[in-house]
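Chains as they are written, first to last, in my numbering: chain A, 13 to 237; chain B, 395 to 1059; chain C, 60 to 312. Don't be surprised by glycine CBs; every beta carbon is placed ideally from N, CA and C. The structure presented is a predicted model; accordingly, all values stated were derived computationally and were not measured. Below is one structure, written out as structure tokens; comments come after it.
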């Protein structure tokens, strides 16, 4: 199967992996957001905690999550490899570099991705790790004890440092998405005079609304809970 | 000196067919043992190298550029002629043949031109098969347009970049042969001499421009496709690197240079803007379809324009002189290139030039804008449109037709040609003269061939638009692959050429001595400054119009300049490095000799024909006066170092066309 | 107008380079290269080494010029090669920095001249239609839709200057390669062998050491001929299609 590895290590093959994993993560963000918006429901966290319980115990979700983890890891590794290769493609840098026509995000996907990685580690350590391996307060609903993730969220976002970190994190995610969304279509070869403006428009809306949705949560908890 | 045109016997229209089917061939197993050197990889050279590689010869191809794709064939705009008769407008091989002979003012060889017209059809087929994106009609078939000097539509084109697309086609075919190992490509290698052994061309001395090292290459024969020499005028539409050196080195080794004085001056170029000018830019001939050429009729208006007190728009119609329409009512602004150029010169010589230097005429689109505007308004159902609306609509039509040209003009001059008339002036564009070749495209040196603009063969004294691309590809794809067999079939017993024989070593030493000489002069003037001065002499005495007195003076001036060059030129750097100034120096040194030969040729030709206009030979109305009784010959010159060049004549015989005076009145 | 030029000088690929500063007096009607001619003429009069730069046709079609002017390949004007750039686009007293194309795959030859033979090798890998001279059928035997021919023409206008590589933050040659893949792949004559072509050309492009495309789009913005990144998408599509949809096996770069 050497042709497969040859393909996957070719410049277009690498980009295809970035594109496919990227698209997978893009849709995950939406799913994740829809679930998390239940934090804004004024029911003391019941809906959210039950949802969290379901997401961590359901076997299908568990299986899917392996896919998600590998997607993230693949996206990171491949991204780093491309970044390394690309920075080696020019020995001397330009003394003057002016790209008036270039989007800030497009040029800095590597850096944006790195910030997101740092954010992700923080985020996983705060919630995912504690949920899986830490000791959590339990809360009973209709006789069943579930972990009170809602309380953990509420407590975390009382800390202004975390609120700021999350808002910044979401701005970075927004920028990463702004380029990533349309870029993944371009890599797949889906560029069309009629449809590409539509994809770009959709990408812009997506890259504003989804991070905004996430950013509302810490702000809401800090100011209104 | 052996000197025979070798045109086959028989009726004109089956000369080529018969000849092709009876000529000597080289068997495939022998082809593998035969080496061919191709110098120059523009249209003709690349096409030849690719085709010879396909046939199985071992080809070594050379270009001084960093890639074959940079050859100046790439800059041809208009198109390529072919007698396809796709438009059903009465075109035929004979008509293309006839138009070319007539356009060339009856100074070309019938048999060669007819063959060119015949193979023109194959060229289009070949290029389409290579993927050249020619313009198409809605039905998906090839589109044509018409060009100056003919009455049919036979020009195929790819936007305004036909030369680029055809060159890339040939370059790609060549690249394929390189990847297959049939052609060895030597980029950034400049041929500095041809090696003659036992009277036959057996190799070249080339300089690796990156390392500066001289290298000897042997082969059974040498093919030159090294282009024209318009840069002898310094200012021309040629690329900066275009040069005569390969052809001139051959001349110095005994090849004959034919009709060097035939130079095509293109009427629509952007005028010179200052002393720093390095090259001239062509504006396509197609602009004369809608643009009207004029100068003010009164000197005071001319002065007012030059001093910036008035603009072209301030001059009322009755104070304008549309001199082409006045002098040539039948063809008007669409007279052939040589006629239009000379008329512009006359207007400027009389003091009517419209820019600061007095060397420009107007090319005005205002009336075309009005005309198209009115038609457009009418077809849009506007019955009483105001002047503004008409102008707006008219400009749109002009933009659709010539948008890219107008944009280019504005980029270069900073003036908006939709608002003010363009300023244009004639400039050197193409050289019809070149190495003398016979029907096989072989020079008088056996085994030395010349193709494309490098030879003299097809355009007589004036080339028609869209015929240069046709000739380059015809020679490279469809002529040389056959005719080279006439020579090579006799060489199958010749072993690999030894490139360390005395002839090679001597030639290498000659080149080396010359380079060392150039570097050692260490004078005070740059190569460029000599080239500019040569250009001025050429333009003044051997330009659009010439006379005996001027030509004699010009010749003397060039001799003096040459002497000064070899005493006072400054070439920096060393021989063994990348040294563009040294490259330029060798080329300018050759131009300094060629220039003199052009003067000699122009002086010998006591008549006016095509691009060669001798003031002494004009009609009462100032039109060119050909003298067929005495000058219906090709002037093939033998260069003599330090002496007068020797003239060899090839008398032209016209069996199929009647010699007439061209009239455009 | 008086200008200060900061120009990259480098004797060859083995030695280090550095910027030299030159004052120059220019006229606003000069082209950028004529301004450099003026500089060189004055350097030669002082018996100094001139600045070496690549140039030939000076009408924007040969693709020789290769300089980054104030951080932009071919300078500040859109759709313009350095030879067509005129000094009226600059201001009196301005400092202009001139650098060569910078990419590992384009080693410096001297000063502003780089070696772009990598482009030739990409074309040699498959940027052609395999047809020998004399094998062609009549030119009108296969009708080609006008729009398609003109799309192919748009891709084929590439002049091979390398501005795309010079501008790309990753020094990627995707725009150049895809322009040829698109031109030939769009024509029915070239469509026949497009699977092999796209694979060979991409493999060669990777071998040459160009960076990966990250869809930044600056190549398209800086291309003097306005070649669209739609061509890159088309090449991606054809490449991925050729890998999974044909029996042609991908070779190692």
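Identification of chain A residues near residue 270(C) by a Cβ-Cβ cut-off of 7 angstroms yields 97, 98, 101, ordered along the chain. Considering only beta carbons, the part of the segment 620-643 of chain B lying closer than 7 angstroms to chain C consists of 633, 634, 635, in chain order. Listed along chain A is no residue with a C-beta nearer than 8 angstroms to that of residue 250(C); the closest approach is about 16 angstroms.
As the crow flies, the alpha-carbon of residue 27(A) is around 19 angstroms from that of residue 187(A). Of all residues in the segment 216-241 of chain C, only 226, 228, 229, 230, 231, 233 come within less than 8 angstroms of chain A when Cβ atoms are compared, listed by chain position.
Taking a C-beta cut-off of 7 angstroms against chain C, the contacting residues of the segment 16-48 of chain A are 18, 19, 22, 23, 24, 26, 27, 28, listed in chain order. Closer than 8 angstroms to the CB of residue 90(A) there is not a single CB belonging to chain C.
The Cβ atoms of residue 473(B) and residue 846(B) do not sit closer than 8 angstroms to each other.
Taking 8 angstroms as the threshold, the shortest C-beta distance from residue 265(C) to chain B does not fall below it. For residue 262(C), same chain residues with a beta-carbon under 6 angstroms away, outside a window of 5 residues either side, are 310, 312 in chain order. Selection 84(C), 143(C), 112(C) evaluated against residue 806(B) yields 143(C) as nearest (Cα-Cα). Within chain B, the C-beta atoms nearer than 9 angstroms to that of residue 205(C) come from 529, 530, 531, 532, 533, 534, 537, in chain order. Spanning the alpha carbons of residue 485(B) and residue 765(B) requires a straight line of approximately 31 angstroms. Not one beta carbon of chain B lies nearer than 8 angstroms to the beta carbon of residue 151(C).
Neighbours of residue 519(B) in chain C, taken as residues at a C-beta separation under 8 angstroms, are given in chain order as 195, 196, 197, 198. Interface annotation, residue 139(C): in contact with chain B, CB-CB separation under 8 angstroms. Straight-line spacing of the CA atoms in residue 1015(B) and residue 627(B) works out to 29 angstroms. Beyond the five residues adjoining it in sequence on each side, residue 511(B) comes within less than 6 angstroms, by CB distance, of 477, 487, 490, 491 in the same chain, given in chain order. Check the Cα spacing between residue 696(B) and each of 726(B), 1012(B), 735(B), 745(B): the tightest is with 745(B). Taking 7 angstroms as the upper bound on Cβ-Cβ separation, chain C lies near residues 570, 572, 573, 581 of the segment 570-581 of chain B. If you look at residue 925(B), you'll find it in the alpha helix (DSSP H) that goes 921-936.
Two segments are said to touch when three or more pairs of C-beta atoms, one from each, lie closer than 8 angstroms; by this definition the segment 453-462 of chain B does not touch the segment 879-887 of chain B. DSSP places residue 614(B) outside both helix and strand once states are collapsed to three, so it counts as coil. The alpha-carbon separation between residue 1027(B) and residue 837(B) amounts to approximately 17 angstroms. When C-alpha distances from residue 957(B) are compared across 621(B), 762(B), 1036(B), 1021(B), the shortest belongs to 1036(B).
Among the CB atoms of chain C, none fall inside 8 angstroms of the CB of residue 998(B). With the criterion set as a beta carbon lying under 9 angstroms from some beta carbon of chain C, the members of the segment 805-824 of chain B are 805, 806, 807, 808, in sequence order.
When C-beta distances to chain C are compared with 8 angstroms, every residue of the segment 139-164 of chain A stays at or above that value. In the structure shown, residue 468(B) falls within a helical segment according to DSSP collapsed to helix, strand and coil. With respect to chain C, the C-beta atom of residue 218(A) has no partner C-beta closer than 8 angstroms. Chain B has a Cβ within less than 8 angstroms of the Cβ of residue 186(C).
Contact between residue 189(C) and residue 252(C) holds, since their C-beta atoms are separated by about 6 angstroms, short of 8 angstroms.
With its beta carbon less than 8 angstroms from one in chain A, residue 298(C) belongs to the interface. Around the CB of residue 590(B), 16 or more other CB atoms lie within 10 Å, so the residue is classed as buried. For residue 663(B), the uninterrupted beta strand (DSSP E) run begins and ends at 657-663, by DSSP.
Any Cβ of chain A closer than 8 angstroms to the Cβ of residue 162(C) would place that residue at the interface, and such an atom is present.
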